[in-house]
Ligand code: 5AD
Ligand code: SF4
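Residue numbers (our numbering): -16 to 426.
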């Protein structure tokens, strides 16, 4: 009799890793493993890692350290690392961590079953971090996993060709490839049939979708075709690069009623000098023009952004430009990051003369400004009846459900589980920092 084997998987980082982890689960289930919630009760433990900033990378080492004593108790335990740190560090990880058995890079998720078998049978230490060519990658685009949830990510492209000077992504995820639109649409149709009501089309820079592929439709045209798929009620996409946000795509926010009124449009800095040094490919004025056009086409749209504080050479005047841009745009939310030097990137060679105190002080000022701006934007929802797509039972417990508004805001409220998957009216009665509390308006 064969005993069922158990695996534990922890995922860090962005949507790309979330999708890769869905694939990892499906692949491991395919070779007789079942997912468990605690590493102590597993035969195989895996981390799917992120290296976007130094802090993310250090976190991985911290988490891996937890597996060392577990392996000391259970020497048969297989320990593996995948994702961006695996891609970046490769053999160095195996050299540094003697209890590590396997390392698989961002293009090698499909090899995991063979690697696991190799460790099981030969106690081999395996490393697969080779980048694949374009055709192989297109062939290996993630298989569809069964859709049990209301909202799912659908990968439309992978990799990045932009080489923003601070960013490690092109080095750990490789060049940009777009998935054929027929395949994307097929997956969305399949998910709709499984009960999925919302899709988020994902890629490092979805706005440049299809540009490298001959005869492929544009991202805006892809959105039009997703809009036509029955059963799908809401469409989102991320991440957008401002330099590739075409007028055709902006017009989608007026033309497509399934497209949510939210756009994550990372600006990174409000200063032309810093934007240039970041190799972002747009100016402050061009960015603000896009924002104006978006608000003309869709007055209800709410924007969110990523901003880096303390990029090398950022003067007080540059930073003031970032704050003034934030005041002008009025973002609903901003994810702000202290600049972190990454290996191989162009910015790693720039002189970083700012003191940690100044960086921290600017970071604090940016967060204070954003908190007051966010609070005033979300406060406008108080008392309103908003349409909420119900996703499941709330983590708050107490029989509450949770869902999201078109602006991607979480709303918790009481209601019957039958409502999961439906869009329902909810009156917002409390606005918290990160979510709303509401009352269902149907009985
Ligand atoms: N340092 C700080 N922030 C970074 N980001 C990407 N690379 C770095 C870095 N080296 C931020 C950007 C990006 C987000 C995902 O992470 O703001 O949009
Ligand atoms: Fe990194 Fe720039 Fe590509 Fe985004 S667009 S992944 S920030 S290089």
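The beta-carbon is built from N, C-alpha and C at its ideal position, and this holds for glycine as well.
Member of 141, 109, 374 and 308 whose CA lies at the smallest distance from the CA of residue 116: 141
Closest residue to residue 418 among 407, 362 and 405 (Cα-Cα distance): 362
Own chain, CB closer than 6 Å to residue 27, minus 5 neighbours either side, in chain order: -10 and 61
Contact belief for residue 409 with residue 369 at Cβ below 8 Å, rounded distance in angstroms: 6 Å
Given residue 10 as reference, the closest of 91, 212 and 21 once Cα atoms are compared: 91
beta-carbon residue 260 near the ligand 5AD non-hydrogen atom, thresh 8 Å: Checking every heavy atom of the ligand 5AD against the Cβ of residue 260, none is found closer than 8 Å.
Proximity winner among 346, 326 and 309, relative to residue 320 (alpha-carbon distances): 346
Own chain, CB closer than 6 Å to residue 210, minus 5 neighbours either side, in chain order: 239 and 241
Same chain, Cβ closer than 6 Å to residue 323, neighbours up to 5 away in sequence not counted: 36 and 37
Residue nearest to residue 191 in terms of C-alpha spacing, selected from 30, 184 and 202: That would be 202, whose Cα lies nearest to the Cα of residue 191.
Any non-hydrogen atom of the ligand 5AD within 8 Å of residue 36 CB: yes
Residue ranges of each beta strand (DSSP E) within the stretch 274 to 330, 3 or longer: 285 to 292 and 316 to 321
Residue 385: CB within 8 Å of a non-hydrogen atom of the ligand 5AD: At a threshold of 8 Å, residue 385 does not count as near the ligand 5AD, since its beta carbon sits no closer than that to any of the ligand's heavy atoms.
Boundaries (first-last residue) of the alpha helix (DSSP H) holding residue 187: Counting along the chain, residue 187 falls outside any alpha helix (DSSP H), and DSSP gives it neither H nor E.
Alpha carbon of residue 423 to alpha carbon of residue 411, nearest angstrom: 9 Å
Residue burial classification, residue 84 (beta-carbon count within 10 angstroms, cutoff 16): Answer is buried; the Cβ neighbour count reaches 16.
Boundaries (first-last residue) of the alpha helix (DSSP H) holding residue 2: -2 to 13
Reduced DSSP secondary structure (H/G/I, E/B, other) of residue 195: coil
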